[in-house]
Amino acid sequence: MEASKANGRLDEAVGLPDALLKRLRAGELWHAVLLVGESSQVERASRWLAQALLCEAPRADAPCGRCRSCAQFSAGSHPDFWASGDEGLKAVDVEALQAWLATKGHGSRKVYVLRGADEMTPVAANRMLKTLEEPAPETYAILTAQSRQKVLSTLRSRSFTCLLSASPPFLSTDPTSIAVVTRATSAEDPSFAGLMERVIEWTQTWQSGGATPWELAASWQSIAKDVPAEDGLLLLAEWLRELMRVRAGGQAERFGAWEEAVRRIAPILEVEQYAACVQAVMEARLRLQSHVALLLNLEQMCVRLREVTTSW
Numbered sequence: 004m005e006a007s008k009a010n011g012r013l014d015e016a017v018g019l020p021d022a023l024l025k026r027l028r029a030g031e032l033w034h035a036v037l038l039v040g041e042s043s044q045v046e047r048a049s050r051w052l053a054q055a056l057l058c059e060a061p062r063a064d065a066p067c068g069r070c071r072s073c074a075q076f077s078a079g080s081h082p083d084f085w086a087s088g089d090e091g092l093k094a095v096d097v098e099a100l101q102a103w104l105a106t107k108g109h110g111s112r113k114v115y116v117l118r119g120a121d122e123m124t125p126v127a128a129n130r131m132l133k134t135l136e137e138p139a140p141e142t143y144a145i146l147t148a149q150s151r152q153k154v155l156s157t158l159r160s161r162s163f164t165c166l167l168s169a170s171p172p173f174l175s176t177d178p179t180s181i182a183v184v185t186r187a188t189s190a191e192d193p194s195f196a197g198l199m200e201r202v203i204e205w206t207q208t209w210q211s212g213g214a215t216p217w218e219l220a221a222s223w224q225s226i227a228k229d230v231p232a233e234d235g236l237l238l239l240a241e242w243l244r245e246l247m248r249v250r251a252g253g254q255a256e257r258f259g260a261w262e263e264a265v266r267r268i269a270p271i272l273e274v275e276q277y278a279a280c281v282q283a284v285m286e287a288r289l290r291l292q293s294h295v296a297l298l299l300n301l302e303q304m305c306v307r308l309r310e311v312t313t314s315w
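Heads up: the sequence shown begins at 4 in our numbering, then just goes up one per residue.
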């Protein structure tokens, strides 16, 4: 079997996003990656990625499954690979990892996996910060989690997040949004009149980098001032889901009257970026329910949206 074909199926099986695979093949992978998804999926993805990084074959063929490194990895005896336990990292585990990192590697790279980053104790997470902030050359960290929100923000900020699977309510359509989208796409509710045109214009400003997060937040508050704040964010999330659907090769379903705009805007970001943006918007909506000040909440959301578009 040709290696490229086998790798293609492996890539599909583990669900790694195209942006990550492109960086891996180009030798430009981030030094720390946070994989978020269902437990068995992140386990497969983290092992595949670790094996690919350690593989001795050319990057385009890794993991080849035939070299000495791949054989050692499959046998569970690779000296340059370290993984935490399945129950999240504790301080003693971090100390063991740091001692391992201080030793000389057998090959050109060292890779470690921190499973259950969302269950890591605060003490362990704090001890990991310096290790993630000052990585040794050719050393890669792979963190896994089922919930991005539960990972401490200090760890999230030092790694690049890749969403591997849909995680309701963020990536699946929220049933409560159906009525909101219906009102926004019809002429029956005057409070939504012209709102979609303003949403489209706001989206283009955000994606182009033409405004700061604080300007974007104030702008969103202004254009959605005539509708309840939660409804406005639901509408924005559904609009981003529509862009994500079309970017993945699907058809415009819920904003047919603006199909031309959908097809123009959708290619600007990758599917995984849209997924991260949907999550940022839905997290902002959840914070509203916790009585977080509206403008501060919107600023936090817009900071995250800008991060997604500029750091990918």
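Think of the CB as a built atom: it goes at the ideal place given N, C-alpha and C, for glycine as much as any other residue.
Measuring straight from C-alpha to C-alpha, what distance separates ARG288 and VAL311? 18 Å
Rounded straight-line distance, which links the Cα of ALA128 to that of LEU155: 8 Å
Can the beta-carbon of ALA240 be found closer than 8 Å to that of VAL284? yes
Where SER111 and GLU141 are concerned, what is the direct C-alpha to C-alpha distance, given to the nearest angstrom? 7 Å
Counting pairs of beta carbons, one from the segment 257-265 and one from the segment 215-232, are three or more of them closer than 8 Å? no
Completely contained beta strand (DSSP E) runs for the segment 22-79, where each covers 3 or more residues: Within the segment 22-79, the runs of beta strand (DSSP E) at least 3 residues long that lie entirely inside it are, in chain order, 35-39.
Excluding the 5 residues preceding and the 5 following LEU299 in the sequence, name in chain order all residues of the same chain whose CB lies nearer than 6 Å to its CB. none
Count the C-beta pairs between the segment 158-168 and the segment 40-51 that are closer than 8 Å, then say yes if the count reaches three, no if not. yes
Assign LYS25 to one of two classes, buried (16 or more other C-beta atoms within 10 Å of its C-beta) or exposed (fewer than that). Exposed, since its Cβ has fewer than 16 Cβ neighbours within 10 Å.
Is it the case that the CB of GLU245 approaches a heavy atom of the ligand HEM more closely than 7 Å? Here there are no bound small molecules, and the ligand HEM is not part of this structure.
To which residues of the same chain is CYS70 closer than 8 Å at the C-beta, ignoring the five residues directly before and after it? CYS58, GLU59 and ALA60
Do GLN210 and LEU301 have their CB atoms nearer than 8 Å? Result no, Cβ atoms of GLN210 and LEU301 do not sit closer than 8 Å.
Please report the Cβ distance between ARG118 and THR147, rounded to the nearest whole angstrom; I am assuming they are in contact, meaning their Cβ atoms lie under 8 Å. 5 Å
Classification of ILE181 by the beta-carbon crowding that lies within 10 angstroms, buried from 16 upward: exposed
Once you ignore the five residues that flank MET131 on each side, which residues in its own chain have a CB closer than 6 Å to its CB? VAL97
Confirm, please, whether the CB-CB distance from THR208 to ALA214 is below 8 Å. For ALA214 and THR208, yes; Cβs fall inside 8 Å.
For SER87, the nearest candidate out of GLN75, SER72, TRP103 and SER77 (CA to CA): Taking only the C-alpha atoms, the option nearest SER87 is TRP103.
Taking the alpha-carbon of CYS280 as reference, which of TRP242, ALA251 and ALA255 has the nearest alpha-carbon? Nearest to CYS280 by C-alpha distance, out of TRP242, ALA251 and ALA255, is TRP242.
Contact check, ALA187 vs LEU238 under 8 Å by CB: the rounded distance? The distance from the Cβ of ALA187 to that of LEU238 is about 5 Å, consistent with a contact at the 8 Å cut-off.
Is ARG309 helix, strand or coil when you go by DSSP? helix
Tell me whether the beta-carbon of ARG50 lies closer than 8 Å to the beta-carbon of ARG28. Contact flag unset, no.
Would you kindly report the start and end of the unbroken alpha helix (DSSP H) that includes TRP103? Unbroken alpha helix (DSSP H) run through TRP103: 94-104.
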